[in-house]
Structure formats: structure tokens, C-alpha cells
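Report on the following structure.
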Amino acid sequence: MARYQSAIVAALLRASRRCTSPAVSSVRSFSSSSLLPKTTTLITLIPPRSSPFSSSISKFSSSPSPSVRPTKSATSNSVEKDTFDYKTIDDVEVVEEWEDEEEVEAKLGDGGDGGGVVLGGVPWGDKVLSIASEVVNQSEKEDLQLFAFKTSPRGYIYVRLDKLSNEYGCPTMDELEEFSREFKKRLDDAGAAKLLPEDLALEVSSPGAERLLRVPEDLQRFKDMPLTVSYEEETNSRKEVKSAVFLLDSVDAESEICIWKLADVRENRDPESKGRPMSRKQKDLRIKLPFTVHKKIVLYLD
């Protein structure tokens with residue numbers, strides 16, 4: 001049966017994009033039947049940021065990687081329970097090896113910032129996806145959904161949970177940890193039954209501010225928030241990609257057109273206005289864009 005070592009890691013350079021990105025929390029789990037005879041718990045906490053997009057990262061690890069070392073207090077009599085009691089960096093063993101997701105431009109349906117499901121051709125992909133869906137559906141948190149799910153041939157599982165009731169779609173760390181514990185327990189049981197490999201690695205996170213919004217499906221949900229919109233515009237018989245910070249004014253589903261207005265943010269103000277709000281002309285401006293010309297829409301970060 002696969003065993004798990006749990007850890008929350010404060011300094012992890014290889015995860016710097018996910019860790020420092022607002023609206024991101026993540027829980028990573030490694031399982032291995034060969035490294036550790038018992039589960040041990042290590043933890044440190046990242047201080048919350050003042051931004052509403054608070055950021056934190058945690059790793060559950062019992063990796064097949066030789067770089068994962070048991071804590072000094074880990075012995076064969078360690079208790080198999082995640083207690084999350086430790087407070088200082090001295091209590092942490094940093095996991096140096098992790099197959100981070102490739103740094104590629106996000107696309108809708110890519111299993112990452114673009115959401116959707118990507119199983120990577122692994123034979124066990126459908127099974128782990130089914131287990132993850134069961135855990136979400138049976139959770140008491142009815143507003144949690146799978147935003148993205150991806151597996152890799154090296155045995156890594158990436159899950160991103162979306163929380164519909166949260167303004168930014170971010171589950172809490174407790175909710176991520178609760179899902180991760182139940183998911184890895186079921187993975188453990190399936191591994192013991194020889195239905196899955198026993199050395200899978202798991203990362204559970206929230207989508208983050210980099211999530212790509214679908215047009216028009218996701219727009220109403222975030223209509224009261226400034227959005228960075230990249231769109232294609234034809235100028236002098238040439239197509240040019242432009243970007244601006246908009247608020248959604250309305251959506252004409254029949255004509256398949258989005259109507260945008262400028263958001264009152266620093267990028268849209270006159271740099272010489274010394275902090276004054278937008279002019280009346282700017283506030284009254286409306287831009288009509290067909291669904292098809294939208295290239296990329298993400299949450300705006302000031």
C-alpha cells in the first residue's frame with residue numbers, strides 16, 4: 001500500500017509561478033511504497049498577502065525521488081495522521097524534485113490555466129479522473145467543482161478546484177487539504193487493489209488569477225470584476241492583437257457580441273491626471289467585440 005509523507009513548503013523555487021501568483025493555493029501529494037514506512041507530517045506557513053488574491057502552497061510528499069528526506073523525528077513508530085501542528089522552517093524538509101507543469105502559453109482546455117481535462121494517454125487516467133469526480137460530488141462543499149484535471153506519463157496528477165461562491169473562484173487551504181486527503185486515500189486504496197500504480201504524485205490547487213475565461217460562458221460570473229481582454233482588431237487590412245482592461249457591459253447572445261466598457265483602473269487613466277478618475281468620455285465609451293475576436297481573457301491584477 002502506498003504511504004504518504006505530508007509537508008507544507010514555504011520556499012520552493014520550482015513552483016514560484018504558482019506560489020507567488022495571486023489566487024493560488026496548492027496541495028501536493030507524493031505516494032510511494034518504498035521510501036517511508038509510515039506517514040510523517042511537516043509544515044510551515046506562508047504569511048497571507050494583503051491582496052484579496054492570497055497565496056499559499058503546500059505539498060504532501062512521499063516521492064519516489066531520492067531527494068525527499070524524512071524529517072529527523074520520523075521513525076518507524078510515527079503516527080499515520082496529518083496533524084499540521086508545526087510552525088517554523090526548522091520543521092520542514094524541502095522537496096527538491098517535482099515535475100512542474102510545462103511553462104507554455106495557456107490555452108482553453110489544456111488541463112491547466114485553460115481548464116478542461118487532459119489525460120496524456122496514460123492507461124490509468126480515466127480511473128483517477130473518475131475517483132476525483134466522485135470525491136468532488138460527494139463533498140459537503142456543494143460549490144466546489146473540478147476546473148482542470150491533467151495526468152502525465154511520469155505518474156503526476158494535477159487537479160485544480162474551482163469554488164463558485166468565492167469572488168475569485170478560490171477554495172480555502174482547508175478545503176484543498178480536505179479534498180487532497182480524501183483523494184489520496186482513495187488512490188491509496190485503488191493502488192492496494194492493483195487498480196492503479198502505487199507511486200503516483202498529486203498536486204491540488206485553485207485555478208489562480210491566470211485562469212482563462214471562456215467566451216461567453218464565464219463572463220457573467222466575473223462581470224463585476226476588471227478583466228484583461230486581449231482581442232484581434234483589423235487595422236489597415238492587417239489584424240493586430242490589442243489588450244485593454246474592461247468591465248463587461250452586456251452580452252448579446254443572439255448576435256454573438258460582447259459589449260465592453262473601460263474599467264476605472266490605473267492603465268486606463270491619463271498618466272498626467274495625478275490619480276484622478278477617468279473622464280466622462282472614457283466612462284461612456286463602449287466597445288463591441290464579436291465572440292470570435294477574443295484571444296485571451298484573465299482576471300485583472302492591479
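Following full-length UniProt numbering, the numbering of the sequence shown begins with 1 at its first residue and continues without gaps.
All residues carry an ideal CB built from backbone N, CA and C; glycine is no exception.
The structure presented is a predicted model; accordingly, all values stated were derived computationally and were not measured.
Does residue i pass the burial test, meaning 16 or more other C-beta atoms within 10 Å, or should it be called exposed?
i: D284; result: exposed
i: S165; result: exposed
i: S180; result: buried
i: L200; result: buried
i: G111; result: buried
i: K150; result: buried
i: D163; result: Looking at the sequence provided, one finds Lys at residue 163 rather than Asp. Result: buried.
i: R211; result: buried
i: I297; result: buried
i: P171; result: buried
i: G125; result: buried
i: L301; result: exposed
i: V241; result: exposed
i: S152; result: buried
i: G275; result: exposed
i: residue 380; result: Summary: the structure shown does not reach residue 380, with the chain confined to residues 1 through 302, and so no result is reported for it.
Whole angstroms is fine: what's the gap from residue i's alpha carbon to residue j's?
i: K239; j: P123; result: 43 Å
i: V251; j: E198; result: 48 Å
i: R286; j: R160; result: 34 Å
i: M173; j: H294; result: 33 Å
i: F183; j: I131; result: 7 Å
i: V229; j: E217; result: 15 Å
i: T292; j: L299; result: 19 Å
i: K107; j: E272; result: 37 Å
i: D270; j: D264; result: 11 Å
i: K194; j: R186; result: 12 Å
i: K261; j: F246; result: 5 Å
i: S206; j: L176; result: 8 Å
i: Y158; j: M225; result: 27 Å
i: E178; j: V118; result: 24 Å
i: S139; j: S255; result: 39 Å
i: A209; j: D188; result: 32 Å
i: G155; j: K127; result: 13 Å
i: G116; j: R266; result: 33 Å
i: V215; j: A192; result: 43 Å
i: L202; j: E105; result: 22 Å
i: L219; j: G109; result: 17 Å
i: M278; j: V204; result: 40 Å
Consult DSSP for residue i and reduce its assignment to one of helix, strand or coil.
i: D224; result: coil
i: E267; result: helix
i: R238; result: strand
i: G125; result: helix
i: V104; result: coil
i: D249; result: strand
i: K283; result: helix
Should residue i be flagged as near chain C, meaning a C-beta pair shorter than 9 Å?
i: V245; result: No chain C is present in this structure, which holds just one protein chain.
Self-check item: Ordered list of alpha helix (DSSP H) runs contained in the region 130-216, each at least 4 residues
Solution: 173-192
Quiz item: Should the region 247-267 be regarded as contacting the region 136-148, the criterion being three or more beta carbon pairs within less than 8 Å?
Solution: no
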